[in-house]
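Asks:
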Amino acid sequence: MPEPLVSAEPLSTPRLDLLPLRVEHAEEMAAVLSDPALHAFIGGVPLTAEELRTRYERLGAGAPDPAVSWCNWGLRLRADACLVGTVQATITPGHGGRTAEIAWVVGTPWQGRGFASEAARALVAWLGRRSVRTVVAHIHPEHLASAAVATAAGLAPTEEEQDGERRWRLGLPD
């Protein structure tokens, strides 16, 4: 019998509230993610509020594959009551347990303060409580800040590469 799908739920860290991402976050997130420098390693351009609304609606509707869970959070800095970034996990079933591919982004004004690492650690801990046994991130080899976040969350680089990015991995205990 397949395991039930996983849904994002509110999480807290010492400084952040991880809020399940909603369409209503689009306007504020468009400003947070407006710096083109955020796309230096991943490509693309910043999305408008309307484009983010459309994207968040699609994410909220869930993955086309009913066995896959899309979990997305906005990172709210509690002290300033503002969004500063996002974390996400795509959870898939697999032999030996679920796998989660994770990613994060923090707006340029809030970078360098450990918010991405704090959120990624909370995400990995939460995934471990949801029967996820493997956590994966894909990081451009020159993106040292993302490599530091992955390391802080317990992931280690592998020799595998995909689309110019190195695969980082963490095995979680049963």
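Under my numbering, the first residue of the sequence shown is numbered 98, with each subsequent residue one higher.
Note that beta-carbon positions come from the ideal geometry of N, C-alpha and C, so glycine has one too.
Just so it is clear, the structure is predicted and the values come from calculations on it, not from any experiment.
1. Taking 8 Å as the cut-off, decide whether the C-beta atoms of Val232 and Leu269 are in contact.
2. Once DSSP output is grouped into helix, strand and coil, what is the label at His136?
3. Which same chain residues end up closer than 6 Å to Glu125 when comparing Cβ atoms and leaving out the 5 residues on each side of it in sequence?
4. Given this structure, state the Cα-to-Cα distance separating Pro254 from His122, to the nearest angstrom.
5. One question on the structure: do Thr196 and Val229 come within less than 8 Å of each other, judged by their Cβ atoms?
6. Provide the residue(s) that pair with Ser109 in DSSP beta bridges, ordered along the chain.
7. Taking a contact to mean a Cβ-Cβ separation below 8 Å, would you say Leu276 touches Trp170 in this structure?
8. What number of angstroms, rounded off, separates the C-alpha of Ala119 from the C-alpha of Arg150?
9. What residue range is occupied by the uninterrupted beta strand (DSSP E) comprising Thr280?
10. Which residues mark the beginning and the end of the beta strand (DSSP E) in which Ser228 is found?
11. Quick one: give me the first and last residue of the alpha helix (DSSP H) that Val129 is part of.
12. Less than 8 Å between the beta carbons of Leu108 and Ala219, yes or no?
13. For a test of the three-state rule: what should DSSP assign to Arg175, helix, strand or coil?
Replies: Considering the structure as presented:
1. Counted from its first residue, the sequence shown places residue 232 at position 135. Counted from its first residue, the sequence shown places residue 269 at position 172. A contact, by the Cβ cut-off of 8 Å.
2. The count along the sequence shown starts at 1 and reaches residue 136 at position 39. His136: helix per DSSP, three-state reduction.
3. In the sequence shown, counting from the first residue as 1, residue 125 sits at position 28. Excluding residues within five positions, the ones whose Cβ falls inside 6 Å are Leu180.
4. Locating residue 254 in the sequence shown gives position 157, counting from the first residue. Locating residue 122 in the sequence shown gives position 25, counting from the first residue. Between Pro254 and His122, the alpha-carbon positions lie close to 32 Å from each other.
5. Sequence index remark: in the sequence shown, residue 196 carries index 99 (1-based). Sequence index remark: in the sequence shown, residue 229 carries index 132 (1-based). It is a contact, given that the beta carbons lie within the stated cut-off.
6. Here residue 109 corresponds to residue number 12 of the sequence shown, with the count starting at 1. Answer by DSSP bridge pairing, in chain order: Asp114.
7. Here the chain comprises residues numbered 98 to 271, so residue 276 is not present and cannot be evaluated.
8. As a first step, residue 119 is located in the sequence shown; it is residue number 22 there, counting from the start. As a first step, residue 150 is located in the sequence shown; it is residue number 53 there, counting from the start. It should be pointed out that residue 119 corresponds to Arg in this sequence rather than to Ala. Those two C-alpha atoms are separated by around 8 Å.
9. Past the edges of the chain, shown from 98 to 271, lies residue 280, and the structure says nothing about it.
10. Here residue 228 is taken as the residue at index 131 of the sequence shown, counted from 1. Careful: Ser228 lies outside any beta strand (DSSP E) and carries neither H nor E.
11. Taking the sequence shown and counting its residues from 1, one reaches residue 129 at position 32. Ala123 to Val129 is the span of the alpha helix (DSSP H), which, as asked, contains Val129.
12. By 1-based counting over the sequence shown, the position of residue 108 is 11. By 1-based counting over the sequence shown, the position of residue 219 is 122. Taking 8 Å as the Cβ cut-off, Leu108 and Ala219 qualify as a contacting pair.
13. Within the sequence shown, the letter at position 78 stands for residue 175. Residue state, collapsed to three classes: coil.
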